[in-house]
Structures are given as C-alpha cells and as structure tokens.
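Residue numbers (the numbering used here): 154 to 550. Every residue gets a Cβ at the ideal spot worked out from N, C-alpha and C, and that includes glycine. A quick note: this is a predicted structure, and the numbers were derived from the prediction, not measured.
Here it is as structure tokens:
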C-alpha cells in the first residue's frame with residue numbers, strides 16, 4: 154500500500170477514524186469507537202467493505218487507539234501510516250490554517266477549550282493518546298474555525314462592549330469549516346469556474362447545521378457564532394434566540410445558567426419543536442402521516458434556513474450557486490424543495506426529478522437550466538484533513 158494518513162475525529166465518548174491513501178485518496182479502513190468511558194464500550198471496523206465489531210477491554214480513548222493500532226498490525230497496514238491528522242473544533246483567532254502539532258500548538262488548543270468546552274478537551278485527549286500510541290509519527294490539527302478567519306470584522310463582531318472582544322475573545326467564529334473548504338472546491342469544478350471567481354452560499358445540514366457565504370473560496374459570513382448554538386434550527390439546538398431567555402427561563406423554571414444552556418443545546422431544535430425526534434428522517438415520515446409536531450418542526454427548519462440563505466447573499470453581492478451538503482443536505486429532497494421554493498426571488502427554480510434523484514450518495518444539480526444552480530455535494534471532511542496533513546508533512550497528496 155502507498156503511504157497513508159490516519160485521520161482521527163475524537164469526541165467525549167467516541168472516536169471516529171479513517172485510514173486514507175495519500176496518493177489515490179481512498180479510505181481502505183474506517184471505524185468508530187462508541188460508549189467510551191462505559192462498561193459496554195466497543196469499536197467497529199470496516200475494511201474493504203467487510204465489517205466487524207469488538208468490545209473494548211479498556212473502554213476509553215486509550216483503549217480505542219490501542220485497538221486501532223492492533224487492527225493496523227493485523228492487516229499489515231501499520232507501516233503505511235506516515236502521519237496522523239486530527240479534527241479540532243475550535244482554534245479561536247490563533248489558527249487561521251491547519252498546523253503541525255507541537256507543545257505550543259497543544260497549549261493554544263487548551264486555551265481555546267473555554268470556547269468549546271464540550272469539544273476541545275475531547276480532541277486534546279485524542280491527540281495525547283495518539284502521540285502515546287504512535288510515538289515518532291508527525292501529527293497535525295485541522296480546525297473547523299480556521300476557514301472563517303477571513304470574515305471581515307463587520308461580520309464577526311457582536312454589538313457588545315469592545316472590551317469583551319479584546320479581553321475575552323467574544324466574537325463570531327463559525328464552524329464546519331473543513332466541510333465548507335471541500336464542498337466549495339468541488340462546486341467550482343461542477344460549475345466549470347475557477348474557485349476564485351465564485352460567489353456561493355453553502356448549507357451544511359446535519360444534527361448540527363450552519364450556512365456560510367463563500368466568496369472567491371473564502372468564508373465571508375456564517376450563521377454559527379461564538380459557539381455552535383447560534384444560527385439555524387438544528388437537531389437539538391435552538392439556533393438564533395433572544396438572549397434574555399436565560400433570565401426569563403431561570404425565573405420561570407427555576408433553572409441556573411447551566412440548566413438553560415443544556416435546554417437550548419440538547420432539548421430544543423427539531424426535537425423540542427416536534428416533541429418527537431431530532432432525526433429528520435423520522436420527522437419526514439411522521440409529517441407524511443399527519444403528525445403536527447413534525448410538520449411544525451420541518452416548517453420552521455426550512456423557513457429559518459431559507460431566511461439565512463437570503464441574508465448571506467448580502468455578503469456576496471450576487472449568487473452563483475446554492476450548495477447543500479451534510480447528512481440532511483445530501484439526503485432530504487423534501488427539505489431542499491421546501492427551502493428552494495421560498496427562494497424563487499433569488500432566481501432559483503427547482504427541478505423536481507433531479508432533486509428526488511440526489512439522495513444516498515448521488516450528487517448533482519437540482520435546479521432547472523434557466524435557474525441559478527443549486528447543487529448537492531457529498532462532503533468529505535476526512536479527505537480534507539488527510540490532504541492538509543499530507544501537505545504539512547511533505548507527502549504531496
């Protein structure tokens with residue numbers, strides 16, 4: 154096998170990975186460790202289409218990484234691994250691009266942990282575990298926030314005292330940047346235009362969802378903010394909401410600030426509106442069967458998304474294309490239709506047959522020939538991380 158990159162995406166109780174060939178960009182081994190920290194922790198592997206799952210004797214991140222190491226040895230793939238690339242959610246203002254891991258980089262990620270307390274500590278755990286299990290291998294970090302560091306200050310500043318920005322880093326950062334970089338480049342190819350000459354809005358829609366204005370391949374505005382709570386309606390997150398709701402709910406429900414934060418992040422969004430599920434597929438099925446909560450949830454989701462897409466065109470001055478990606482964006486023809494039909498004034502006209510065809514991995518254009526293009530593109534964040542890592546360590550992917 155050619156030289157390969159091991160991509161690690163570490164969560165607080167999970168670890169997702171992919172082994173990607175640095176030349177042909179194919180992932181031959183992928184896997185996911187779940188329930189880390191619990192007695193029934195396990196890891197699943199997929200190698201050349203074959204799947205297997207095993208219980209982790211050491212049910213933590215170290216045990217998961219050790220299981221990956223053993224699997225690589227069993228498959229005679231260990232020697233092909235030349236570097237490891239890690240996804241990190243928050244790089245603050247310090248990291249404007251991906252970086253080789255050093256003690257100084259780790260220290261900066263730790264300093265950013267207060268901006269992403271649910272994510273960065275888990276990423277750091279994955280980084281330290283990988284360094285321990287794969288001593289001597291070069292390792293890199295790819296930040297979700299770095300893509301958005303090209304936003305102008307009129308887009309990233311909040312209208313709060315400037316001392317909060319200077320002294321406490323209070324500003325809008327944006328997320329899903331690794332996905333946006335990949336999708337924007339793929340869209341430019343589909344449009345037959347140089348990336349530098351494009352003006353696009355991209356919606357990355359999954360359980361976490363955001364939309365971003367991309368001008369000449371650079372992020373110029375986005376919906377998520379200081380944290381991933383701001384912006385669109387999401388699976389369990391409220392998205393945009395009146396900040397005074399914290400004091401109101403604290404008074405009405407007797408919650409402290411952590412209780413209100415938990416409610417807005419974990420019990421709101423599609424789940425809260427529908428009182429049924431945060432899974433878009435379940436909600437679409439329920440809506441077809443007349444479930445009013447599901448109907449309301451999807452209606453609000455689509456309206457808020459359409460409104461944000463329209464607003465983001467202000468940052469572009471024109472619209473060359475609208476892009477859909479992420480689990481919902483790539484698979485929900487229902488929601489894409491609901492959104493595009495609210496954006497006719499921007500020159501978007503849905504092709505119903507093309508829209509219905511773009512599911513389960515099928516990408517392509519979903520608008521008519523006389524319309525502003527709307528494209529469905531399958532994102533590949535792992536490949537983006539592998540390519541950045543190969544470049545930083547000199548593998549020339």
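Compare the beta carbon distance of residue i and residue j with 8 Å and say whether it is the shorter of the two.
i           : j           : result
residue 413 : residue 402 : yes
residue 240 : residue 162 : yes
residue 466 : residue 354 : yes
residue 228 : residue 212 : no
residue 286 : residue 218 : yes
residue 279 : residue 214 : yes
residue 158 : residue 244 : no
residue 422 : residue 390 : yes
residue 468 : residue 310 : no
residue 185 : residue 200 : no
residue 188 : residue 195 : yes
residue 514 : residue 531 : yes
residue 341 : residue 347 : yes
residue 426 : residue 446 : yes
residue 253 : residue 545 : yes
residue 160 : residue 538 : yes
residue 473 : residue 365 : no
residue 273 : residue 283 : no
residue 374 : residue 459 : no
residue 268 : residue 165 : no
residue 360 : residue 246 : no
residue 464 : residue 492 : no
At which residues does the alpha helix (DSSP H) containing residue i begin and terminate?
i           : result
residue 293 : Run containing residue 293: none in the alpha helix (DSSP H); it sits in the beta strand (DSSP E), 292-296.
residue 221 : 214-227
residue 332 : 330-344
residue 568 : The shown model of the chain, from 154 to 550, leaves out residue 568, and the question about it has no answer.
residue 441 : 433-441
residue 418 : 410-419
residue 492 : 486-493
residue 405 : 398-406
residue 422 : 422-427
residue 275 : 273-286
residue 315 : 315-321
residue 457 : 445-465
Output the boundary residues of the beta strand (DSSP E) element that contains residue i.
i           : result
residue 507 : Careful: residue 507 lies outside any beta strand (DSSP E), inside the alpha helix (DSSP H) at 505-510.
residue 157 : 157-163
residue 174 : 168-174
residue 375 : 371-375
residue 207 : 203-208
residue 199 : 195-200
Taking C-alpha atoms, which residue in the options lies nearest to residue i?
i           : options            : result
residue 370 : 333, 493, 382      : 333
residue 155 : 166, 180, 168      : 180
residue 207 : 279, 220, 343      : 220
residue 462 : 400, 357, 543, 404 : 357
residue 541 : 446, 247, 335      : 335
residue 481 : 367, 451, 421, 269 : 451
residue 534 : 187, 344, 331, 493 : 331
residue 495 : 457, 532, 514      : 457
residue 344 : 487, 475, 445      : 475
residue 429 : 464, 388, 314, 408 : 388
residue 312 : 408, 324, 320      : 324
residue 438 : 522, 459, 419, 487 : 487
residue 231 : 362, 172, 411, 314 : 172
residue 629 : 337, 411, 406, 382 : In the structure as shown, the chain begins at 154 and stops at 550. Residue 629 is therefore absent and cannot be evaluated.
Between residue i and residue j, which are expected to be in contact by the criterion C-beta below 8 Å, what is the C-beta distance as a whole number of angstroms?
i           : j           : result
residue 500 : residue 485 : Actually they do not touch by this definition, with Cβ atoms about 22 Å apart.
residue 377 : residue 443 : At roughly 33 Å, the Cβ-Cβ gap does not stay under 8 Å, so residue 377 and residue 443 are not in contact.
residue 507 : residue 517 : 7 Å
residue 417 : residue 394 : 7 Å
residue 384 : residue 392 : 5 Å
residue 250 : residue 316 : Residue 250 to residue 316, Cβ: 28 Å. No contact.
residue 290 : residue 236 : 6 Å
residue 329 : residue 297 : 6 Å
residue 490 : residue 503 : 6 Å
residue 175 : residue 543 : 5 Å
residue 216 : residue 209 : 5 Å
When the cut-off is 8 Å and only beta carbons count, does residue i lie next to chain B?
i           : result
residue 200 : Absence of chain B from the displayed structure is noted, only one protein chain being present.
Which partner residues of residue i appear in the DSSP bridge assignment?
i           : result
residue 128 : Residue 128 is absent from the model: the chain starts at 154 and stops at 550.
residue 237 : 159, 292
residue 527 : 475
residue 366 : 354, 374
residue 184 : 170, 198
residue 517 : 529
residue 253 : 293
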